[in-house]
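Letter 48 of the sequence shown, counting from 1, is numbered 48 in our numbering, and no numbers are missing. Here a beta-carbon is modelled for each residue, glycine too, at the ideal position from N, C-alpha and C. Remember, it's a predicted structure, so these values are computed and weren't measured experimentally.
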Amino acid sequence: MTQHSKGASGKAATGIIGLDEVMQGGLPKGRTTLIEGGPGCGKTVLALQMLVNGAKLSGEPGIFVAFEESSQRIVQNAGTFGWDLESLQRDNLFFIDAQPSYDLLQSGPFDLGGMLAALDVKVKEMGAKRVVFDALDMVLDLFDHRRAARNETYRLHQWLTERGLTAVITAKASPLLNGGTSEALEFLQFMVDCSIFLRHDMVEGTSQRSVRVGKFRGSPFEENATPFGIGPRGIEVAYGRNADDTKRKASTERLSSGVRRLDTMLDGGYYRGAGILLTGSPGTAKTTLAGAFAVASCERGDRTLFVTLDSPEEEILRNLKVVGVDLAPHVASGKLLFKTIRSTTASAEIHLMRIRDIARSHGARCLVIDPVSALSKSGNLGTARNVVERLIDWSKAQEITLLCTSLLEGDNPLAESTAVQISTLADTWIHLNYLVHAGERNRAISIIKSRGSNHSNQVRELILSASGISLADVFTAGGEVLMGAMRWERERAAQQEQAEREAQLKRRRTELSAEATALQGRIDALQQELSEKRKDVDRLSAGIAESGAAAIDSLATLRELRRGDVNDTVSQGEP
């Protein structure tokens, strides 16, 4: 149930996804609602689903009065929705076959009095709160006079009002009246408190259903037509987002993209529960990057659903294995589920319902859709953006990490617009394109945005090889990033220039080393010569000292020979 499925004040919740939001709480409680539409619009399914959900979710028993099909056929037809009508019929759901018999028509005029009397007994017996009159127009059209049909309709309305039942009447819309009721039933729209119009159109060969609330006395409602689909669990209406969506917790856990250098560019990888968009022209490796993410998810232990639109599973497995992305082991282990869907087989709404059901049953924590732009094919362009928006909202609410690829819109390979125009909704947007230069086409990758990340703004060359996906080292020249052969040539030239510079430096180092050695030799020789000179000085000094001492000794000896008083001071100038 959605947030409004518990029913607002004075409302009887339908329990149908999206419809309670459109009607701001549900049907008018204790009043009558008219559902109109052409053949195949889903009138009977919608009315029965309201009745079933009332019994299951709100504890309100209900009665289904069938004027066209037999109750047995209706139950059989609804068996595919998994509503468990058999158990509900024991206490909370009752079917009445009220198809007029041929004998009755031949016997003359008739009225609804007998049917209402029998219905009154059953209402009291089971405590019914809701009742459906399916294809009431089938009976009213049998009256000979318009006045008689109107009188019986007023009788029915009064009976419902007196008992306070929440009633639903279905009736066929006439194509001749632009979707309105037939002339005999025009007054029904004025009598009821709420009217709902269903349409089933073919748009460029694709089935498209929509629901619109025409009036709702005493309550606001969504006035525009809203797409809906009939899926495995019944009707789902494609209306906006739930109010609880704004209360989601934002995860800080990072998930690997499957490419190490891309993780670095993303400041650690994608956030869990984020919506990721890969855009680019055909052949730019969108599917390859999606496959790398799927491999990383499975290796991390996350169950993953890979939905491929219009491409066979075996071809994708083969193609990705050639570039080192091997998905087969994860498919075999059950971690990875592949699902191929033809985009032209149903409307975008039906595809959304199928994808969500498959993801739920698989218990997916990561979801890959390749390419999501295929949903805009064959008449789905008007609804595709809304579908993808609700897919992103749903995946966030379920904490499922969603990665979508999308083909570019237009012929310009450098353009960054998407066919479904969901780039503003994505948390991370990675753009892939070709750069053609000097007769060579090379893949380039850049991150346009990644919310909450200090991501790289560098354009990198994306290289695919048998060993896997890699991002080339950045090499710029003249303000441009070089790729392919030009990058290789420039890198080689740069390496050669570097080698030459290193050789020159080595030669100069050798020369300087030799000069230093020679200079050191000269220094050593001078040091030796200096040492010898200092020794000579020391010898000369010693000789001078010895010569002075000898002279004094000679003078003393001379005095002694002259018999002079050695103690007397020798006069100045005395010989």
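Does DSSP classify residue i as helix, strand or coil?
i: Asp393; result: helix
i: Asn151; result: helix
i: Ser257; result: coil
i: Phe221; result: coil
i: His437; result: strand
i: His330; result: helix
i: Trp159; result: helix
i: Leu558; result: helix
i: Glu461; result: strand
i: Lys535; result: helix
i: Leu112; result: coil
i: Val168; result: strand
i: Gly30; result: coil
i: Val45; result: helix
i: Ser423; result: coil
i: Gly25; result: coil
i: Glu68; result: coil
i: Val616; result: This structure cannot speak to residue 616, because the chain is shown only from 1 to 575.
i: Ala243; result: Because Ala243 sits at a pLDDT of 44, beneath the cut-off of 50, its placement in the model cannot be relied upon, and the following sentence gives the value as read from the coordinates. Three-state result, Ala243: helix.
i: Val368; result: strand
i: Lys249; result: coil
i: Met1; result: Confidence at Met1 is low in this model, with a pLDDT of 37, below 50, so the placement of that residue is unreliable and no value is reported for it.
i: Gln106; result: With a pLDDT of only 46 at Gln106, under the threshold of 50, the placement of this residue in the model should not be trusted; the figure read from the coordinates follows. Of the three classes helix, strand and coil, the one that applies to Gln106 here is helix, per DSSP.
i: Gly37; result: strand
i: Gly521; result: helix
i: Gly275; result: strand
Measuring only between beta-carbons, confirm whether residue i sits less than 8 Å from chain E.
i: Gly452; result: Any reference to chain E falls outside this structure, which holds one protein chain only.
Apart from the five residues on each side of it in sequence, which residues of its chain come closer than 7 Å, Cβ to Cβ, to residue i?
i: Gln49; result: Ile16, Gly234 and Ile235
i: Asp111; result: Glu152
i: Leu317; result: Leu327 and Ala328
i: Gly280; result: Lys286, Leu408, His431, Leu432 and Asn433
i: Lys43; result: Ile35, Gly37, Thr170 and Leu198
i: Arg360; result: none
Name the one or two DSSP bridge partners that residue i has.
i: Gln208; result: Asp201
i: Ile63; result: Phe94 and Val131
i: Pro227; result: Ser210
i: Lys470; result: Note that residue 470 is Ser in the sequence shown here, rather than Lys. In the DSSP output, where bridge partners are listed per residue, Ser470 has Ile463.
i: Leu432; result: Gly280 and Ile445
i: Phe216; result: Cys194
i: Lys11; result: Pro28
Got a sec? Which residues, its chain only, sit under 6 Å from residue i by beta carbon, not counting five neighbours each side?
i: Met191; result: His157
i: Gly179; result: The predicted position of Gly179 is uncertain, since its pLDDT is 49 and thus under 50; no value can be drawn from it.
i: Leu34; result: Ile169, Leu188, Val192 and Ser195
i: Thr405; result: Leu278, Lys286, Ala290, Asp370 and Pro371
i: Gly10; result: Lys29
With residue i as the anchor, note down where its beta strand (DSSP E) starts and where it stops.
i: Ser373; result: Segment: none, Ser373 is in no beta strand (DSSP E) and carries neither H nor E.
i: Val307; result: Thr304 to Leu309
i: Leu403; result: Thr401 to Leu407
i: Glu236; result: Gly234 to Val237
i: Phe143; result: Careful: Phe143 lies outside any beta strand (DSSP E) and carries neither H nor E.
i: Lys339; result: Leu336 to Ile341
Using CA atoms only, rank isn't needed, just tell me which of the options is closest to residue i.
i: Ile448; options: Ile463, Leu462 and Leu432; result: Leu432
i: Ala250; options: Asp263, Gly275 and Val237; result: Gly275
i: Arg146; options: Phe133, Leu57, Pro329 and Glu186; result: Glu186
i: Arg450; options: Gly324, Ala238 and Asp267; result: Per the sequence presented here, residue 450 reads as Ser, with Arg not at that position. When each option's Cα is compared against that of Ser450, the closest is Asp267.
i: Arg272; options: Ser256, Ala225 and Arg217; result: Ser256
i: Val387; options: Pro227, Ala472, Asp357 and Asp144; result: Pro227
i: Gly218; options: Gln24, Tyr270 and Leu198; result: Gln24
i: Thr344; options: Ala374, Gly42 and His437; result: Ala374
i: His200; options: Phe338, Leu88, Gly37 and Phe306; result: Gly37
i: Gly580; options: Ala225, Ser453, Glu389 and Cys298; result: Because the chain here runs from 1 to 575, residue 580 falls outside it and cannot be looked at.
i: Leu435; options: Val368, Ile463, Ala518 and Glu349; result: Ile463
i: Lys215; options: Gln208, Glu253, Ala225 and Val139; result: Ala225
i: Arg591; options: Val307, Leu140, Ala384 and Lys396; result: The structure shown does not extend to residue 591, since the chain is modelled only from 1 through 575, so no value can be given for it.
Who are the Cβ neighbours of residue i in its own chain at under 8 Å, not counting the five residues just before and after it?
i: Lys122; result: Ile63, Phe94, Ile96 and Ala128
i: Gly82; result: Pro232 and Arg233
i: Asp326; result: Val295 and Leu320
i: Asn457; result: Ser446 and Ile447
i: Leu85; result: Val52, Val75, Ala78, Gly79 and Leu93
i: Ala66; result: Ile74, Phe95, Ile96, Asp97, Ala98, Gln99, Asp134 and Ala135
i: Ser465; result: Val323 and Gly324
Quick one: give me the first and last residue of the alpha helix (DSSP H) that residue i is part of.
i: Gly269; result: No alpha helix (DSSP H) contains Gly269, which DSSP labels as neither H nor E.
i: Arg443; result: No alpha helix (DSSP H) contains Arg443, which is instead part of the beta strand (DSSP E) from Glu440 to Ser450.
i: Lys286; result: Lys286 to Arg300
i: Ile316; result: Glu313 to Val322
i: Ile16; result: Run containing Ile16: none; DSSP gives neither H nor E here.
i: Asp357; result: Ala348 to His362
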